[in-house]
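Residue numbering for the sequence shown follows our numbering, starting at 3 and increasing by one per position.
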Amino acid sequence: MNASQGTYVLTSAKVQKTVILCVLSEDVVRELGSAKTNKLSIKFTKGNEFLSDHTHEFTCEKNDQISERVYMKKPTTRKQLMYVGAVTARAKPKGHPTEAAIRKLRAATEREKKQKQKGRIKVVDHSGNTVSATKKTVAGRSKAKDSAQTTFSSASSQDFLLVRSKILHDLAILGERGIQEIVERAAAPKDLCMSILEEIGTRNGGKWKLKNEAFKEVKVHEWPDWQDEHRRRIRVIDNMIKAFDGLGIPLDAPEWRSLLPRKDSSHWSIFQEHLKSKGKLPVEFAKLEDRKSVFDVDVSDDVSQEQKGKRRRTVEVEVESLPISNTKKRTNKTKQQRYEAIIKRLETGENREGMEAAEKSAYDKYWKTINSRDEYDKLVDYFDKIYIEYKDIWDSAIVHEQWYFEIIDKLEKAEGDQQKHSSINKEVEIKFEPIADRIRRGYELSIEIDAIKKELNRVESFLLAEEV
Numbered sequence: 003m004n005a006s007q008g009t010y011v012l013t014s015a016k017v018q019k020t021v022i023l024c025v026l027s028e029d030v031v032r033e034l035g036s037a038k039t040n041k042l043s044i045k046f047t048k049g050n051e052f053l054s055d056h057t058h059e060f061t062c063e064k065n066d067q068i069s070e071r072v073y074m075k076k077p078t079t080r081k082q083l084m085y086v087g088a089v090t091a092r093a094k095p096k097g098h099p100t101e102a103a104i105r106k107l108r109a110a111t112e113r114e115k116k117q118k119q120k121g122r123i124k125v126v127d128h129s130g131n132t133v134s135a136t137k138k139t140v141a142g143r144s145k146a147k148d149s150a151q152t153t154f155s156s157a158s159s160q161d162f163l164l165v166r167s168k169i170l171h172d173l174a175i176l177g178e179r180g181i182q183e184i185v186e187r188a189a190a191p192k193d194l195c196m197s198i199l200e201e202i203g204t205r206n207g208g209k210w211k212l213k214n215e216a217f218k219e220v221k222v223h224e225w226p227d228w229q230d231e232h233r234r235r236i237r238v239i240d241n242m243i244k245a246f247d248g249l250g251i252p253l254d255a256p257e258w259r260s261l262l263p264r265k266d267s268s269h270w271s272i273f274q275e276h277l278k279s280k281g282k283l284p285v286e287f288a289k290l291e292d293r294k295s296v297f298d299v300d301v302s303d304d305v306s307q308e309q310k311g312k313r314r315r316t317v318e319v320e321v322e323s324l325p326i327s328n329t330k331k332r333t334n335k336t337k338q339q340r341y342e343a344i345i346k347r348l349e350t351g352e353n354r355e356g357m358e359a360a361e362k363s364a365y366d367k368y369w370k371t372i373n374s375r376d377e378y379d380k381l382v383d384y385f386d387k388i389y390i391e392y393k394d395i396w397d398s399a400i401v402h403e404q405w406y407f408e409i410i411d412k413l414e415k416a417e418g419d420q421q422k423h424s425s426i427n428k429e430v431e432i433k434f435e436p437i438a439d440r441i442r443r444g445y446e447l448s449i450e451i452d453a454i455k456k457e458l459n460r461v462e463s464f465l466l467a468e469e470v
């Protein structure tokens, strides 16, 4: 009988939450698939915990209920198996799946078994150490049934998804990277990182890069590290374009739409123009751009008045035929008139209460100096530049964090021993001094970044008002 795998959260006496990949027999899966709920539980007593620093042998024994009992052999000279707990399906069956569903289940589980190492159990504790255990076959069960892999991980499923997203988005912008750098940036056990890379990446020599298919999961406009940096997002978009081209995805597919932010984003036009320059503007927006081109009418002096009249009439007809939602009213107001309109709106109290003083302050402080979009964009570019430097500094500093705590422990243990203190201080001087200046620079940049962010946020509202 085939087996199926599912990830369940268990509770033990010492470890509050543990994710375990359970292997269930097909009849258990069949009953779960037709039930209203699919909750499973394993109950532990204080004397029956998993010990991650030893090798254990596990086996399952069916009882009359929909459950599988799990036994553990402690690392002693005793040969008998010790009872650990029971996996029980808390669900009432409500019918049976179709034969087609069962065939689909069998095919899926067979593929899983072929892809994974057979007859092994991998245990990962909080420190990232791993041990292996082999399953013991019970009488009446074939070796084929026991060949499915079971994985125990101390990280929660949420932590796993966070690490996976971190690796996915790091490789999306950085390109090929070595495993050591990936592990350091993800701050996760190497085994966990390797299992993720085998799923979403491909190895090129000693380095890993994202599979083209994995770029579909990249949230280029939602990933927190890039939200304030349109230049970094553009770099990721260029990598995504290469991947999508490699997959042969047509421009009318939804994947291309993910390269553009929401329409109300202040940087919409930047990404729209970038995709347009690459010839990768999604079809729905490319069609709109083609229809807008009717506004670009040549009315130069060498064109006759009759021709000008015909072209203007053509433009008017086209504009009337456009859907209202796709047209944008444009005014011929001068910049000064637009600023006056903003101030008038503030003075008449059209904005929310409590915001007027802040917006007036922003106008007085910024619009007298930043009086054009070009100057604003220069400030944004400068912000992007120093933010990238800031991120690089702290990304490299993370590598030294563990060493820093080790030094603190050494100093505490060596208290009163002048010779040891001197030796430790030399170690600090050798390792820390080269990065000390960079860390100080990082603190300075963080202060400057906070100040610029506040000012850019204030100016942003005026830029949006100017475009209306």
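Every residue gets a Cβ at the ideal spot worked out from N, C-alpha and C, and that includes glycine.
Limits of the unbroken beta strand (DSSP E) element including residue i
i	result
residue 418	Here residue 418 belongs to no beta strand (DSSP E), and DSSP marks it neither H nor E.
Proximity winner among the options, relative to residue i (alpha-carbon distances)
i	options	result
residue 227	386, 273, 276 and 191	386
residue 171	106, 458 and 239	239
residue 213	200, 390, 207 and 224	200
residue 206	197, 217, 177 and 191	177
residue 252	444, 163, 102 and 281	281
residue 225	167, 196 and 275	167
Status (buried if at least 16 other CB within 10 Å, exposed otherwise) for residue i
i	result
residue 256	exposed
residue 203	buried
residue 331	In this prediction, residue 331 scores a pLDDT of 37, lower than 50, which makes its location untrustworthy; the coordinate-derived value is nonetheless stated afterwards. The residue is exposed, with fewer than 16 neighbouring Cβ atoms inside 10 Å.
residue 260	buried
residue 113	exposed
residue 270	exposed
residue 263	buried
residue 389	buried
residue 105	exposed
residue 173	buried
residue 194	buried
residue 163	exposed
residue 110	exposed
residue 198	buried
residue 189	exposed
Beta-carbon spacing of residue i, residue j below 8 Å
i	j	result
residue 447	residue 384	no
residue 184	residue 210	yes
residue 412	residue 395	no
residue 233	residue 223	no
residue 381	residue 283	no
residue 169	residue 237	no
residue 273	residue 246	no
residue 215	residue 249	yes
residue 409	residue 430	yes
Reduced DSSP category for residue i - H, G, I as helix; E, B as strand; rest coil
i	result
residue 210	strand
residue 250	coil
residue 354	Because the pLDDT at residue 354 is just 42, under 50, the model does not fix this residue reliably, and the value given afterwards should be weighed accordingly. Residue state, collapsed to three classes: coil.
residue 444	helix
residue 92	Residue confidence for residue 92 is low, a pLDDT of 43 falling below 50, so the modelled location carries little weight; the figure read from the coordinates is stated next. Here residue 92 sits in coil by DSSP.
Opening and closing residue of the alpha helix (DSSP H) in which residue i lies
i	result
residue 273	270 to 279
residue 192	192 to 202
residue 264	Where residue 264 is concerned, there is no enclosing alpha helix (DSSP H), given that its DSSP letter is neither H nor E.
residue 185	181 to 188
residue 257	256 to 259
Chain B contact for residue i (CB, 8 Å cutoff)
i	result
residue 381	Annotation note: the requested chain B is absent from the structure, which comprises a single protein chain.
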